[in-house]
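Chemist: Note that the working numbering has the sequence shown beginning at 7, numbered continuously upward.
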Amino acid sequence: MSTAIEFNNISKQYRLGLVSTRTLSHDLDRWWKVNVMHKEDPYLKIGSVNDRSQAADSEYVWALKDIDFKVEQGDVVGIIGKNGAGKSTLLKLLSKVTGPTTGTIRARGRIGSLLEVGTGFHPEMTGRENIFMNGAILGMTKQEIARKLDEIVDFSGCERYLDTPVKRYSSGMMVRLGFAVAAHLDPEILVVDEVLAVGDAEFQKKAIGKMQDVSKGEGRTVLFVSHNMASVKALCKTGILLENGMIKYIDTVDKVVQQYQMANYGVSSIAIGDRLDRKGNGKLRLQNLCFLNTNNEIVDRVSIGDSFKIRLDLKNNSWGKDDTIQELSLGINDEFGQRIIVMNNEFLGKNIKVSSQDSNSIVEFVIEKCPLAIGSYTMAFFLSDKLNNIIDWIDNIATLYVEEGDYYGTGKVQKKGLGRFVIDYDIQ
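#1: Starting from residue 260, follow its DSSP beta bridges and name the residues at the other end.
#2: Tell me where the beta strand (DSSP E) around residue 17 begins and ends.
#3: In chain order, what residues of the same chain lie with their CB nearer than 6 Å to the CB of residue 4, ignoring the 5 residues before and after it?
#4: Only counting the same chain, and skipping five residues up and downstream in sequence, which positions put a Cβ closer than 8 Å to that of residue 240?
#5: Which residues share a DSSP beta bridge with residue 296?
#6: Should the region 96-108 be called in touch with the region 140-156, which here means at least 3 C-beta pairs below 8 Å?
#7: What are the boundary residues of the beta strand (DSSP E) that residue 308 is part of?
#8: With DSSP collapsed to three states, give me the class of residue 116.
#9: Can you name the residues that DSSP bridges to residue 244?
#10: Would a C-beta distance cut-off of 8 Å place residue 227 and residue 77 closer than the cut-off?
#11: Please give me, in chain order, every unbroken run of the beta strand (DSSP E) with length at least 3 that falls completely inside the region 88-166.
#12: With burial defined as no fewer than 16 other Cβ atoms inside 10 Å of the residue's Cβ, what is the status of residue 61: buried or exposed?
#13: Between which residues of its own chain and residue 15 is the CB-CB distance below 7 Å, once the five residues before and five after are set aside?
#14: For residue 179, does the three-state DSSP call read helix, strand or coil?
#15: How far does the alpha helix (DSSP H) with residue 218 in it extend, from its first residue to its last?
#16: If the criterion is Cβ atoms closer than 8 Å, does the pair residue 296 and residue 281 meet it?
#17: Strictly by DSSP, which residues pair up with residue 379?
#18: Have a look at residue 313 and residue 216 and give me their C-alpha separation to the nearest angstrom.
#19: Quick check: the Cα distance between residue 396 and residue 388, rounded to an integer number of angstroms?
#20: Let me know if residue 385 comes out buried or exposed under the rule of 16 or more other beta-carbons within 10 Å of its beta-carbon.
#21: Within 7 Å: the Cβ of residue 239 and any heavy atom of the ligand HEM?
#22: Is it the case that the Cβ atoms of residue 81 and residue 330 are separated by a distance below 8 Å?
#23: Should residue 177 be labelled buried (16 or more other beta-carbon atoms within 10 Å of its own) or exposed?
#24: Find the nearest neighbour of residue 380 within the set 309, 328, 335 and 374, judged by alpha-carbon distance.
#25: Start and end of the beta strand (DSSP E) containing residue 173?
#26: Nearest-angstrom Cα distance between residue 301 and residue 372?
#27: Looking at the unbroken beta strand (DSSP E) that takes in residue 335, where does it start and where does it end?
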């Protein structure tokens, strides 16, 4: 398989707040040294890391720094990272919207780019006219566009408004039309930057299906930037994680997404007694949550099929001898915030009693053979009394990472497994 895209030591530098180097003499000096004397650009020796959360300590910033990677023909690569990490800059360099400060990019084949909503569209022109103009900008001939016009219009779903000026289109309709043109360009390389987030669910499904057809069925290469991890995992085989303008991790898309989520969703054991983002009368309050392996060691990850415990430490603030726990629940949310499991003492017929004499209590949820798929999961806690008064209710209290494991004991790695949850408790 041949290499479709190759980034060799690519860096991109910008000057904060200004264009050029502020003075004509500096610009002329820079031009003379680089273009005539063929010396190294003196301004490339300075510049700060591209961390948008920190105050600038230099007038120059490296939007990208020392980027090296290859993409094989037919591969679908997901590029992820925080806002400002350099994802869009990387695609703009590949699409030749701007040039790199250092390094070279080699791309084999025609590139179809969809970087922003309505890129290349003229608001006063109709949808039909913009299809021809945008197609020409992307490198299609008039005959090629005319031949594919019906397919483009049908894919976009904008046939009724085809002869209406696009200034009257919604942002979603603009994306539909723009993507339809780029997707039917038949490019060897398709570059898509977050634009699918504007479209509705039906269009996103159609667009992802089209990109899969382009890559798998036609052997074309796709670079896809998105903050939607579900779309990235569904579409891509390879992942690249950018951080502060530099490559932090390259691997299979599942591992790269996991690395990204591990860096952004907290730690495994979190003291939460002082958190204020909670509800309830506070008679009992969750102080801490941690995950324990079979050796009672605190861990932040388990493998599919492993047994482990979730330990909750409760603090008695004003629990009386007549108070009774009615419901104690621990919810498990997936990486998209969807509640997938609720472990509840009422469901399992367990009574939990806390004495008014106890200053602290421990409740342990015992999970035999973890049934969760690979990914990250956050916990939510709920506690109520016999009068259905909320005692404590708090979300996002810890994150558990689940990795591949040998669920069946066969010596082979399993990616999915079935298990069961058992709730037990111990009062100390």
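A virtual CB, placed ideally from N, CA and C, is assigned to each residue, including glycine.
Modeler: Judging by the given coordinates:
#1: DSSP lists no partner for residue 260.
#2: 9-21
#3: Since the displayed the chain opens at 7 and closes at 434, residue 4 lies outside it and no answer follows.
#4: 214
#5: Beta-bridge pairing by DSSP links residue 296 to 317.
#6: no
#7: 307-309
#8: Looking at residue 116 - three-state DSSP - the assignment turns out to be coil, as it is neither helix nor strand.
#9: 83 and 258
#10: yes
#11: Runs of the beta strand (DSSP E) inside the region 88-166: 108-113 and 117-120.
#12: For residue 61, the pLDDT reaches just 49, beneath the cut-off of 50, and the residue's location in the model is therefore unreliable, leaving the point undetermined.
#13: 72, 74, 108 and 109
#14: In the structure shown, residue 179 sits in a helix (DSSP, three-state: H, G or I).
#15: 207-218
#16: no
#17: According to DSSP, residue 379 bridges with nothing at all.
#18: 41 Å
#19: Between residue 396 and residue 388, the C-alpha separation is close to 8 Å.
#20: Burial call: buried.
#21: Among the components of this structure there are no ligands whatsoever, and the ligand HEM is therefore not found.
#22: no
#23: exposed
#24: Here the closest residue by C-alpha is 309.
#25: Unbroken run through residue 173: none, as it is neither H nor E.
#26: 13 Å
#27: Residue 335: member of the beta strand (DSSP E) spanning 331-339, first to last residue.
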